[in-house]
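Report on the following structure.
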Amino acid sequence: LRCARAPAGPGQPVRRRQRGRRRPPETDDAAFRWLSQVLPVRWGEVLDAGTGLDSLTWLAASPATSITAVTACEGMHATVVDEAADFLDLSADRVLIGNWRDGQLLRGRSFDVVVADYLLGSVDHFAPHFQVGLLRRLGGLVRPSGWLAIVGREPEDLTAEDPASQLILDADALRDASMTLSRQRPYREMPQWWVQERLGALGLQVRRAKLLPRRVTREKVQRQLAWAEEEIGKVPHGSLRASLFNHLAGLRARVQTSTALARGHLFGQDYAMLVQRSPPPRGG
1 LRCARAPAGP GQPVRRRQRG RRRPPETDDA AFRWLSQVLP VRWGEVLDAG TGLDSLTWLA
61 ASPATSITAV TACEGMHATV VDEAADFLDL SADRVLIGNW RDGQLLRGRS FDVVVADYLL
121 GSVDHFAPHF QVGLLRRLGG LVRPSGWLAI VGREPEDLTA EDPASQLILD ADALRDASMT
181 LSRQRPYREM PQWWVQERLG ALGLQVRRAK LLPRRVTREK VQRQLAWAEE EIGKVPHGSL
241 RASLFNHLAG LRARVQTSTA LARGHLFGQD YAMLVQRSPP PRGG
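Written out as structure tokens, the structure is:
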């Protein structure tokens, strides 16, 4: 969970609205709260470029006039349609399956606000080596003077020595190793400095940025281990698969007895950035 709450910025706090059959719950995500405070009061047409249940639920409570949500994962598409549809205005909002490597995806469209929540970290899995291409695509979808809101995760410190941090790293390593053994590319997080450099090279200006400490709970690590279990099941070699399942059981036992995770362990950082596309130059 992202845990730090940001101070108020130049924008106004966003009042929850009801655009669908049900009012969405208020977000407790620090990055979303900060973005709600620093974005303009009127959001206009919004693109959720790597949608998930958390980001779409947050956007459903925003002052967006319409929401277009995109995911490359069929399972995520089914999840958000099933669990967030009641929060949406189905006459204006839509959820699409698509990969940003497809040049035809949303061709000719543009948006006032484009949100990329944890999207860069998933690129290597769905569109390997396309991080710069993704930023270029997203920047091109932002209208002049519009906004690109990026939420990412700093790569974790692999040299951490305390038991709780090592347990978190072990859970992530099991997931990633299992994906690699089943001939999939694991997720790869991109640091804030790298993202800012690439944005600058593309002519996009970072107006605001915020670092947010991550509080990792027992439930969070258990979800990572559940994901790892799915990936272990795809490993083709039976004896190796059995060894990985044994290792998984050991990690689950360690998680269950971790007092640090039970109260929430601070480990790693998220970042949020508000990026603006410059308006076109005025005629002489």
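Read left to right, the sequence shown gives residues 1 to 284 (the UniProt record's numbering). Built from N, CA and C at the ideal position, the CB exists for glycine as well. The model shown is predicted, which means the values in this text are computed figures rather than measured ones.
Can you name, in chain order, every residue of its own chain whose Cβ lies under 8 Å from the Cβ of residue i, other than the five neighbours on each side?
i      : result
ALA171 : VAL221, GLN224, LEU225, ALA228, LEU251, VAL255
GLN184 : HIS125, GLU231, LYS234
PHE111 : GLY44, GLU45, VAL46, LEU47, THR68, LEU141, VAL142, ARG143, GLY146
Select from the options the residue whose C-alpha is nearest the C-alpha of residue i.
i      : options                       : result
ARG22  : GLN37, THR57, ASP28, TRP34    : THR57
ALA31  : ALA209, GLY50, HIS77          : ALA209
THR180 : PRO63, GLU230, PRO144         : GLU230
TRP34  : ARG277, MET273, SER278        : MET273
THR65  : ALA84, MET76, SER55, TRP43    : TRP43
SER258 : LEU135, LEU204, ALA92, SER165 : SER165
ALA260 : ARG218, SER239, PRO279        : ARG218
ALA85  : ARG109, GLY52, GLY108         : GLY52
ASP54  : PHE87, LEU39, GLN37, VAL38    : PHE87
ASP93  : GLU154, TRP194, LEU59         : LEU59
Are the beta-carbon atoms belonging to residue i and residue j less than 7 Å from one another?
i           : j      : result
THR68       : LEU47  : yes
VAL81       : VAL95  : yes
LEU266      : PRO213 : yes
ARG198      : ASP89  : no
residue 286 : VAL216 : Outside the modelled stretch of the chain, which goes from 1 to 284, sits residue 286, for which no answer is possible.
ALA78       : PRO24  : no
TRP147      : VAL115 : no
PRO279      : PRO63  : no
VAL275      : LEU174 : no
GLY268      : GLU156 : yes
GLY121      : GLU189 : yes
VAL130      : ARG101 : The sequence given here places Phe at residue 130; Val does not occur at that position. Contact: yes.
LEU142      : ARG263 : Reading off the sequence, residue 142 comes out as Val, not Leu. Against a cut-off of 7 Å, the Cβ pair of ARG263 and VAL142 comes out as no contact.
Can you list, in chain order, the residues of its chain with a C-beta nearer than 6 Å to that of residue i? Leave out the 5 residues immediately preceding and following it.
i      : result
TYR271 : GLY152, GLN192, LEU211
GLN196 : VAL206
VAL132 : ARG198
GLY200 : none
LYS234 : SER182
Apart from the five residues just before and just after residue i, which ones in its own chain have a Cβ nearer than 7 Å to its Cβ?
i      : result
GLN12  : The predicted model places GLN12 with a pLDDT of 46, which falls under 50 and marks its position as unreliable; any figure quoted below should be read in that light. Excluding positions up to five away in sequence, the list reads VAL41.
ILE232 : SER178, ARG241, LEU244, PHE245, LEU248
LEU202 : LEU135, ARG136, GLY139
ALA49  : VAL70, VAL114, VAL115, ALA116, LEU119, LEU138
GLY98  : VAL70, ALA72, LEU105
SER239 : none
ALA4   : At ALA4 the pLDDT is 34, less than 50, meaning the model places this residue with poor confidence; the figure from the coordinates comes in the next sentence. Here the set comprises ALA30, LEU212, PRO213.
HIS237 : none
Based on the DSSP secondary-structure assignment, which residues constitute the bridge partners of residue i?
i           : result
ILE97       : THR71
ASP162      : DSSP lists no partner for ASP162.
residue 329 : The shown model of the chain, from 1 to 284, leaves out residue 329, and the question about it has no answer.
GLY152      : TYR271
TRP58       : Note: TRP58 sits in no beta bridge, so no partner.
VAL113      : VAL46, TRP147
SER258      : None; SER258 has no bridge partner.
VAL132      : Its beta-bridge partners do not exist; DSSP assigns none.
ALA64       : GLY44
VAL142      : PHE111
Subject >> Given 8 Å, three or more beta-carbon pairs between the segment 155 to 167 and the segment 126 to 142 >> reply: no
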